[in-house]
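These notes are about the structure you will find just below.
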């Protein structure tokens, strides 16, 4: 196995890239599943990479993206968030489409760590896992089964602690609609993101599969663009359900 380990200490004045604001029934920028409990110290999942495409509306010279990830403490206000996952990117120039993927890790509100590894393709199976050693330290792991490459990031002395009360398995939109207009990157189209063996572990050593009671869809500016479907304990699929005439604005 090839392995790459990064170490991240406490950081300041960093921007949030993968964080979001929950709205319970639907979330403005992601779709997926969650589990709520106490003393959650680990969350893991196997992700099948989708094939991404230029999203809607289609423009030349614009990069479209979305992300799939696993995390701990995303749903708790004023908490840190430990997460790892992968982003897909699609752009089109003069009729030619360019696709790429990038794996990363992050302890929100700090900047993400992007790994120098471009060897990903649609259909790859990734194992992604985050482990909290305590509220302010932990480790992320992401491994590509096809290539055997694994990336790890160690976090120590983080200034914004984890709540350790929720675990998430998410496909995220990087586009937000604000009073000032669009913010972030436009959404890529995608074949389904598939999550399996989604589970979390508690401090007492017990392991629990994600259930079907907390499944969320991505609704952006009143339009449901990503739809999550629960497929049994620990399994869900997120589909691109963006309407053909979709235009979020400018």
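Residue numbers (my numbering): 101 to 350. Cβ coordinates follow ideal geometry from the N, Cα and C atoms, glycine included. Note that the structure is a prediction, hence the values are computed from the model and not measured.
Burial state of residue i (16 or more Cβ within 10 Å)
{"i": "residue 342", "result": "buried"}
{"i": "residue 279", "result": "exposed"}
{"i": "residue 309", "result": "exposed"}
{"i": "residue 124", "result": "Annotation note: pLDDT 42 at residue 124 (below 50); position unreliable, no value reported."}
{"i": "residue 246", "result": "exposed"}
{"i": "residue 177", "result": "exposed"}
{"i": "residue 334", "result": "buried"}
{"i": "residue 316", "result": "buried"}
{"i": "residue 250", "result": "buried"}
{"i": "residue 344", "result": "exposed"}
{"i": "residue 221", "result": "exposed"}
For residue i, three-class secondary structure by DSSP
{"i": "residue 295", "result": "strand"}
{"i": "residue 259", "result": "coil"}
{"i": "residue 239", "result": "strand"}
{"i": "residue 214", "result": "strand"}
{"i": "residue 178", "result": "coil"}
{"i": "residue 162", "result": "coil"}
{"i": "residue 173", "result": "coil"}
{"i": "residue 125", "result": "Here the model assigns residue 125 a pLDDT of 49, short of 50, so the residue's position is not dependable and the matter cannot be decided."}
Member of the options whose CA lies at the smallest distance from the CA of residue i
{"i": "residue 152", "options": "213, 293, 207, 240", "result": "293"}
{"i": "residue 313", "options": "324, 299, 330", "result": "330"}
{"i": "residue 142", "options": "339, 219, 334, 240", "result": "240"}
{"i": "residue 248", "options": "155, 256, 226", "result": "226"}
{"i": "residue 290", "options": "252, 217, 167", "result": "167"}
{"i": "residue 131", "options": "318, 216, 185", "result": "318"}
{"i": "residue 302", "options": "215, 177, 264, 243", "result": "264"}
{"i": "residue 323", "options": "346, 305, 157, 304", "result": "346"}
{"i": "residue 182", "options": "154, 253, 133", "result": "253"}
{"i": "residue 158", "options": "169, 195, 147", "result": "195"}
{"i": "residue 170", "options": "271, 305, 307", "result": "271"}
Delimiting residues of the beta strand (DSSP E) encompassing residue i
{"i": "residue 218", "result": "Where residue 218 is concerned, there is no enclosing beta strand (DSSP E), given that its DSSP letter is neither H nor E."}
{"i": "residue 154", "result": "It is not in any beta strand (DSSP E) - residue 154 carries neither H nor E in the DSSP assignment."}
{"i": "residue 331", "result": "323 to 332"}
{"i": "residue 268", "result": "266 to 273"}
{"i": "residue 203", "result": "196 to 208"}
6 Å CB neighbourhood of residue i in its chain, flanking five on each side removed
{"i": "residue 117", "result": "Because the pLDDT of residue 117 is 37, which lies under 50, any placement of that residue in the model is unreliable, and the number read from its coordinates should be weighed accordingly. Once the five neighbours on either side are set aside, the close Cβ partners of residue 117 are 212."}
{"i": "residue 325", "result": "318, 342"}
{"i": "residue 214", "result": "202, 204"}
{"i": "residue 135", "result": "267, 300, 310"}
Contact with chain D by residue i, beta-carbon distance below 9 Å
{"i": "residue 185", "result": "The chain labelled as chain D is not found in the depicted structure, where only one protein chain is given."}
Same chain only: Cβ atoms within 8 Å of residue i, ignoring 5 sequence neighbours per side
{"i": "residue 285", "result": "163, 164, 165, 274, 275"}
Same chain, Cβ closer than 7 Å to residue i, five either side skipped, listed in chain order
{"i": "residue 231", "result": "141, 142, 238, 239"}
{"i": "residue 218", "result": "200"}
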